[in-house]
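Sequential numbering of the sequence shown, starting at 4, is according to the numbering used here. Ideal Cβ placement from N, Cα and C applies to all residues, glycine included. Owing to the predicted nature of the structure, the values given are computational and were not obtained by experimental measurement. Here's the structure, in structure tokens; my notes come after.
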Amino acid sequence: MVDSKEIKPLRVEVEFVETDWENWKRLADFELQYRIIQEGYQKLERGILEREFEDYLGREINRYLSPEQLKKINNSGNTPIDYLWNKLKPNIRAELMVRFLLKKRLISSVSISKNKKEYYVMYGFNNVLVDMETWGHDILTLFLGRFVSTSMLKDVDRIFRATAKLIPEEKLNPRNMIRLRGAVLDLTNLSLVKLEDVGDYFFDYAMPVFTNSTNLDELKLAIHDIQEDRYDIRLNKVYQFFRPRFSDEDWEYLVTGLGVILSPYRDKLLMIIVGEPHSGKSTLLSLIRKPIEPLVSSVSLSDMLRYEFGLEPLIGKYVWISSEKSELYITRIHILNLIFGESDTVEVARKHKSHAKLTSLKLGIMGVNDPPIIEEKVTGTADALLERLSIVTMTKPEDAVNIKNLAEMISAEEVFNFLLWCRRQLEKNDWKVKKLPKEDIVNILRETTNTASVFLEESPDIITGKDYRIEGQTLYALYVKWCSQKGVKPMSRNLFYAVLREKGLETYKRQGVVWVKGVGQASKDTKNDLAKYELTRFES
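Structural data, given as structure tokens:
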């Protein structure tokens, strides 16, 4: 592996010499590679391989010209290379361009399994794959400058697809390795592996941490101290700010749960952090994401469970982290079971693409103000979710001060060290996540009973049937009245409607008024009850 310090800056007056390119190919940081060619383009005010490509064209271009074109060229004497280039068909230009780049081994293309529709390109030998559709035009322009045109890109894309090296899916983003900027972290034994020692594995990301040799030396020292239990966690800013916000038990639940992220195993864990508003949940989740952003999906739970393509953002991710609204109603929990380890892979629908396989996630973390409402509490599906569930309570001490922009004040490296320390605590517990006992979790969930569902089953004020319909406001008023009689807290109007739809009742609008089909009123009109309830809630 070549350190970034070992490569000399671009000379303004000439292109790279061959030794420069050999060093560039082996740089471990693909973003540094991109920056180097970008700076070279700016200094030279042209593609940094333009002149070399001109020489290549001078040797190769005659093979692609017609006899008539060659005759005219010979009669005219010295013909500019740009004139000859423009005489070529776009597909021939693309072929010459790709051949040149492949010959210099600056760009190569990789296809996952046998799906030619999904392929990546790679700079040099650094094993980070990037999306050709997003990066292709920029990279080709930086290399070859004026010879690149938008009309040619489709042909370049086609040739790269056809020449892509086929690799099996398991060779992309192996779950026991994490690609840092300058090396690979083997999660099996927490060792740093040089790029040339990784083998035939590829990654489509690089962590935003430990970007040079100095940082990597610091990481090695931190890993050694953590493994030897000599790392003083009390000096870590994540610990300092958040430890006072958890009881001893809840802190253990949180720490061993977070340890899953950098463990070599998938723990089939969904951790719900429950805390009052402004207790710091969102800040904590933002910090956890910071050093592992490429491996995290933050799609909302409602999109994940209700939207046809809601699982698509999870593809290729290890962890799901999301802050959800209060009064969360969780449906289709069998999908959660699949996502968090009921099977190794899940088939996922994607927009405008074929179905893809999603490897089940290591961990899900959800921050909420109140425990979620789970419709199914007795079935086998619900029981399987309970096995995966960990509920952690977060509080805000009376003397605690919330610091604005705390997530920006703590470095990604310090958060990464905290996660490494969490992994060590999990390892010391024989890789078993400490959780609230299952019966306690059941009791917590019982307290968040789906009152709307019970209301539909028990209230004497309503009657169900396909021919009935009722104004949504009237039905909600009946529900609020029922809650008041039962001494329970009513859920919000939007959540109430969501429960109705989940129960198979249709909601629709007519002249701006929401109606509910499939249920009707069996008692006197109680429209005024809603206004009374709203007034009482406002005054309180």
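According to DSSP, residues forming a beta bridge with residue 392 = 273
Determine the burial state of residue 294: buried for a count of at least 16 other Cβ atoms within 10 Å of its Cβ, exposed for fewer.
-> buried
Using DSSP with H/G/I as helix, E/B as strand and the rest coil, what is residue 234?
-> coil
Member of 244, 508 and 99 whose CA lies at the smallest distance from the CA of residue 412 | 244
Compare the beta carbon distance of residue 207 and residue 176 with 8 angstroms and say whether it is the shorter of the two.
-> yes
Alpha carbon to alpha carbon, what distance is there between residue 515 and residue 523?
-> 19 angstroms
Note down, in chain order, each residue of its chain lying with its Cβ closer than 7 angstroms to the Cβ of residue 254, except the 5 sequence neighbours on either side.
-> 246
Output the distance between the C-alpha atoms of residue 474 and residue 275, rounded to the nearest integer angstrom.
-> 36 angstroms
Where the alpha helix (DSSP H) containing residue 208 begins and where it ends | Counting along the chain, residue 208 falls outside any alpha helix (DSSP H), and DSSP gives it neither H nor E.
Let me know if residue 36 comes out buried or exposed under the rule of 16 or more other beta-carbons within 10 Å of its beta-carbon.
-> buried
Close-in-space but distant-in-sequence residues of the same chain around residue 91 (CB under 8 angstroms, 5 per side omitted) = 64, 67, 68 and 99
Straight-line gap, residue 489 to residue 306 (C-alpha atoms, nearest Å) = 33 angstroms
C-alpha gap between residue 424 and residue 391, whole angstroms = 23 angstroms
Closest by C-alpha distance to residue 304, when choosing among 368, 464 and 354 = 368
Would you kindly check if the distance between the Cβ of residue 421 and the Cβ of residue 242 is under 8 angstroms?
-> yes
Could you tell me how far apart the beta carbons of residue 388 and residue 453 are, in whole angstroms, since I believe they sit closer than 8 angstroms?
-> That belief does not hold up - the Cβ atoms of residue 388 and residue 453 are roughly 15 angstroms apart, past 8 angstroms.
Mind checking residue 142: buried by the 16 CB within 10 Å criterion, or exposed?
-> buried
With distances taken between CB atoms, is the gap from residue 155 to residue 83 smaller than 8 angstroms?
-> no
Go through the stretch 27–76 residue by residue and report every complete run of the alpha helix (DSSP H) that reaches 4 residues or more, in order.
-> 33–47 and 53–63
Coil, strand or helix - residue 320 by DSSP | coil
When the Cα of residue 291 is compared with those of 359, 212 and 237, which residue comes out closest?
-> 212
Can you tell me whether residue 511 is buried or exposed, with buried defined as 16 or more other CB within 10 angstroms of its CB?
-> exposed
Residue environment, residue 109, which counts as buried when at least 16 other CB atoms sit within 10 Å | buried
Stretch-stretch touch, CB-based, cutoff 8 angstroms, three pairs: the stretch 254–263 with the stretch 392–400 | yes
Using the rule of at least 16 other Cβ atoms within 10 Å of the residue's Cβ for burial, across every protein chain shown, is residue 321 buried or exposed?
-> buried
Top-ranked residue by Cα proximity to residue 347, from 114, 286, 361 and 113 | 361
Same chain only: Cβ atoms within 8 angstroms of residue 1, ignoring 5 sequence neighbours per side | Lying before the first or after the last residue shown, residue 1 is absent from the chain, which here runs from 4 to 543.
Unbroken alpha helix (DSSP H) run spanning residue 428, endpoints | 415–431
Anticipated Cβ contact below 8 angstroms, residue 263 with residue 436, distance rounded | 7 angstroms
Return the chain-ordered list of same chain residues with a C-beta closer than 7 angstroms to the C-beta of residue 525, the five sequence neighbours on each side being excluded.
-> 463, 464, 465 and 466
Return helix, strand or coil for residue 350, following the three-state DSSP convention.
-> strand
Indicate the three-state DSSP secondary structure (helix, strand or coil) for residue 195 in the structure shown.
-> strand
Between 86, 296, 71 and 165, which lies nearest to residue 181 when the distance is taken from Cα to Cα?
-> 296
Presumed contact (8 angstroms Cβ cut-off) between residue 248 and residue 399, rounded CB distance = 6 angstroms
Since residue 412 is in the alpha helix (DSSP H), which residue starts that stretch and which ends it?
-> 409–412
Residue interval of the alpha helix (DSSP H) (run including residue 291) | 284–292
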